[in-house]
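>
Number of protein chains: 2
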Amino acid sequence: MMSEPTNAISPSVSGLAAEIGKQQPFEVVEEELFLNLLRTTALLNDGTVSVVKDAGLSGPLYNILRILTGFADCTARDGAVFDGMPVTGIAEHMLTREPDMTRLIDRLEKLGFVERARCPDDRRRVLVSPTEDGRRVAHELRPRLEALHKDQLGHLSPEEQSQLIELLHKARARVGEA
Amino acid sequence: MMSEPTNAISPSVSGLAAEIGKQQPFEVVEEELFLNLLRTTALLNDGTVSVVKDAGLSGPLYNILRILTGFADCTARDGAVFDGMPVTGIAEHMLTREPDMTRLIDRLEKLGFVERARCPDDRRRVLVSPTEDGRRVAHELRPRLEALHKDQLGHLSPEEQSQLIELLHKARARVGEA
DNA sequence: CGACATTGTCTGTTGAAACAGATACTGTTC
DNA sequence: GAACAGTATCTGTTTCAACAGACAATGTCG
């Protein structure tokens, strides 16, 4: 009948299968692994998104600002001048593939967090730099995000944490191979 | 200067930091862990999305169809009739939180993969069922996705796979707590 | 039974993502 | 130096996602 599907979980179905109310256990362990990744990341990421949203940013937007601010700070520490970073350079440093960097940077520019300048050496390029406002916001968000991550993941032991990092590194090793 | 940021990686910066061209190693291991999760999942998910796109579906759309087809098949195996699943019921089984189920189901309906019916017992509810077309598409995609996942993650040993699943399960244990 | 809160779904609207094609500039080859 | 291919970014357009509020049906309490 199933007009009202029960949420009763058979005892043999555990972990993710129980969480998402899956009736049958997984047959292919690689599928179970992938779905675990998807769910875990989605849940954790929701927290991050809600933090950066306070500053009017989305996940990718903060990502860009983080990259630019990181580079600018790093350059400043060396006593050098940061002229900005080309759009494609930013794209290479992103955590997630973003197919429309131009519009993302448009939005950051409209928020007053970055500014653009043409590269004098190669006038096809646009050099993007964080404004003072942008750096300030990035510096305000960073500790809040670190606290969130510690809150979300601090119950794992240091061994578990490094083990997980190592396994994730290995898990993505095959993407992009022939 | 930095008009052309170098991609040279200092030898002490390894793993994810190297991949995304981060100059400084991570200071907070929980942040490193989160970013590893984000990147790994994004890379693997890209593959999945490109598979389901062949059927005209997005990730969440396939997720819904998978849930409905799973329930329908499971019910049929028991010799019972599947009357459909209410929208909120589907939402509870989703891997990722989706705030606009109505529109997602609209799209599936327009594609001819699901159909709606009012619940006679509670006329607020809408019961969603997969059409024959929808079930066929889901059954065609499933082996392709399993093959993809094996291809992406099959190089991990069974021990590593179950270890990773266990660690992911633990990693998301804290979300949603007080 | 009438008021009221709750639940389940839908609609309106705004903002963001995705894809394709366009434009502008550079380096190379003849 | 003219043609060509390649690179870097932008624009036009379509589709999708998100939030808020609306609507409709049900349950509850006096």
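Chains as they are written, first to last, in this note's numbering: chain A, 1 to 178; chain B, 1001 to 1178.
Yeah, the Cβ is synthetic: ideal placement off N, Cα and C, and Gly gets one too.
Predicted, not measured: the structure shown is a model, and the values here were computed from it.
1) Can you give the Cα-Cα distance for Arg103 of chain A and Ile1020 of chain B, rounded to whole angstroms?
2) Please report the residue range of the beta strand (DSSP E) in which Arg116 of chain A lies.
3) What's the gap between the Cα of Val126 of chain A and the Cα of Arg118 of chain A?
4) Compile a chain-ordered list of the residues in the stretch 17–34 of chain A whose CB is closer than 9 Å to at least one CB of chain B.
5) Would you please verify whether the beta carbon of Val1175 of chain B is less than 8 Å from any beta carbon of chain A?
6) If you compare alpha carbons, which of B:Asp1083, B:Gln1024, B:Gly1070 and B:Glu1031 is closest to Pro158 of chain A?
7) Just how far apart, CA to CA, sit Gly70 of chain A and Leu61 of chain A?
8) Please work out which residues of its chain come closer than 7 Å, Cβ to Cβ, to Ala55 of chain A, disregarding the five sequence neighbours upstream and downstream, and give them in chain order.
9) Taking only beta-carbon atoms, is His139 of chain A less than 8 Å away from chain B?
10) Apply the 10 Å Cβ neighbour rule to Leu43 of chain A and answer buried if 16 or more other Cβ atoms are within range, or exposed otherwise.
11) Please list, in chain order, the chain B residues whose beta carbon lies closer than 7 Å to that of Thr40 of chain A.
12) Residues of the stretch 69–80 of chain A with a CB closer than 8 Å to any CB of chain B: list them in chain order, please.
13) When DSSP builds the beta bridges, which residues end up paired with Pro130 of chain A?
14) Which residues of chain B have a Cβ atom closer than 8 Å to the Cβ of Thr96 of chain A, listed in chain order?
So, from the listed chains and residues:
1) Rounded to whole angstroms, Arg103 of chain A to Ile1020 of chain B spans 21 Å at the Cα level.
2) Val114 to Arg118
3) 5 Å
4) Glu19, Ile20, Gly21, Lys22, Gln23, Gln24, Glu27, Val28, Val29, Glu30, Glu31, Glu32, Leu33 and Phe34
5) yes
6) B:Glu1031
7) Near 14 Å, if we compare the C-alpha coordinates of Leu61 of chain A and Gly70 of chain A.
8) Val137 and Leu141
9) Judged by the 8 Å Cβ criterion, His139 of chain A is not in contact with chain B.
10) buried
11) Leu1037, Leu1168, Ala1171 and Arg1172
12) Gly70, Phe71, Cys74, Thr75 and Ala80
13) A:Val114
14) Leu1038, Arg1039 and Ala1042
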